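Undergrad: In the numbering used here, the protein residues as written are 53 to 249. All residues carry an ideal CB built from backbone N, CA and C; glycine is no exception. None of the values given here were measured: they were computed from a predicted structure. Pasting a structure below so you can have a look.
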Ligand code: ITT
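Okay, here's the thing in structure tokens:
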């Protein structure tokens with residue numbers, strides 16, 4: 053049996069770590085969050101891909117241990133808001149609830165609520181080489197009010213296409229099967245399993 057692969061995750065979002073480990077465990081891959089006070093990536097990229105790369109490379113740079121490093125940059129893109137909040141999803145307002153309230157307020161007079169969650173993943177090694185990138189998208193629309201208590205972030209107002217439930221009404225496994233992060237990570241895992249040992 054192949055050894056377990058450990059990957060350091062450049063993130064300060066514990067929800068990402070939890071979701072990713074739930075998906076990766078059956079494949080003998082473990083994500084460990086980077087705990088390092090010097091990890092302060094400058095997320096000034098214009099795309100999710102750019103920011104995932106910035107975070108993964110910063111994690112590799114500041115860590116004094118580990119061989120592989122990964123980062124997730126993700127967010128919610130709403131058609132009516134020209135793709136916003138997009139890469140600014142985490143900074144759209146001060147708290148998760150305020151971010152949802154601001155989103156609902158900004159869509160108040162609009163019936164076109166099409167949206168998508170996007171996740172970019174970037175895997176690098178400890179020498180700063182980019183090994184692989186992946187991207188996942190899930191389409192849906194923004195609800196008129198909060199529904200469901202699972203997940204995090206904008207999940208309670210994101211109605212998944214074809215399901216008619218918000219992401220926060222889905223179980224952990226249901227979300228992981230169809231989410232932007234779940235899709236991107238499963239493809240990343242396939243690449244890892246055939247390319248790293
Ligand atoms: P790190 O940069 O430290 O990884 P972060 O939360 O700041 O953590 P991002 O910059 O990638 O991460 O912003 C992602 C934001 O997009 C996140 O804080 C949520 O508001 C939203 N988001 C991303 N994935 C989501 C999901 O699965 N469900 C709900 N909201 C999500």
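What is the DSSP secondary structure of residue 179, reduced to helix, strand or coil?
TA: If DSSP states are grouped into helix, strand and coil, residue 179 belongs with coil.
Undergrad: Give me the Cα-Cα distance between residue 174 and residue 163, rounded to the nearest whole angstrom.
TA: 35 Å
Undergrad: List the DSSP bridge partners of residue 128.
TA: DSSP output for residue 128 lists 169 as bridge partner(s).
Undergrad: Tell me which residue opens and which closes the beta strand (DSSP E) that residue 58 is part of.
TA: 57-61
Undergrad: Does the separation of the CB atoms of residue 182 and residue 171 fall below 9 Å?
TA: The answer is no: Cβ separation not under 9 Å.
Undergrad: Along the chain, where does the beta strand (DSSP E) containing residue 212 start, and where does it finish?
TA: 210-212
Undergrad: If you compare alpha carbons, which of 195, 169, 124, 185 is closest to residue 158?
TA: Looking at the Cα atoms, 195 is the closest of the given residues.
Undergrad: Would you kindly work out how many angstroms separate the C-alpha atoms of residue 72 and residue 137, rounded to a whole number?
TA: 23 Å
Undergrad: Flag residue 68 as yes when its Cβ comes closer than 8 Å to any non-hydrogen atom of the ligand ITT, and as no otherwise.
TA: A heavy atom of the ligand ITT is found nearer than 8 Å to the CB of residue 68.
Undergrad: For residue 186, write down the residues that DSSP places opposite it in a beta bridge.
TA: 173
Undergrad: Apart from the five residues on each side of it in sequence, which residues of its chain come closer than 8 Å, Cβ to Cβ, to residue 227?
TA: 71, 202, 203, 207, 219, 234
Undergrad: Can you say whether residue 221 is buried or exposed, counting buried as having 16 or more other CB atoms within 10 angstroms of its CB?
TA: buried
Undergrad: Would you list, in sequence order, the uninterrupted alpha helix (DSSP H) runs of no fewer than 4 residues that lie entirely inside the region 75-154?
TA: Fully enclosed alpha helix (DSSP H) runs of 4 or longer: 100-114.
Undergrad: Using beta-carbon positions only, say whether residue 191 and residue 217 come within less than 9 Å of one another.
TA: no
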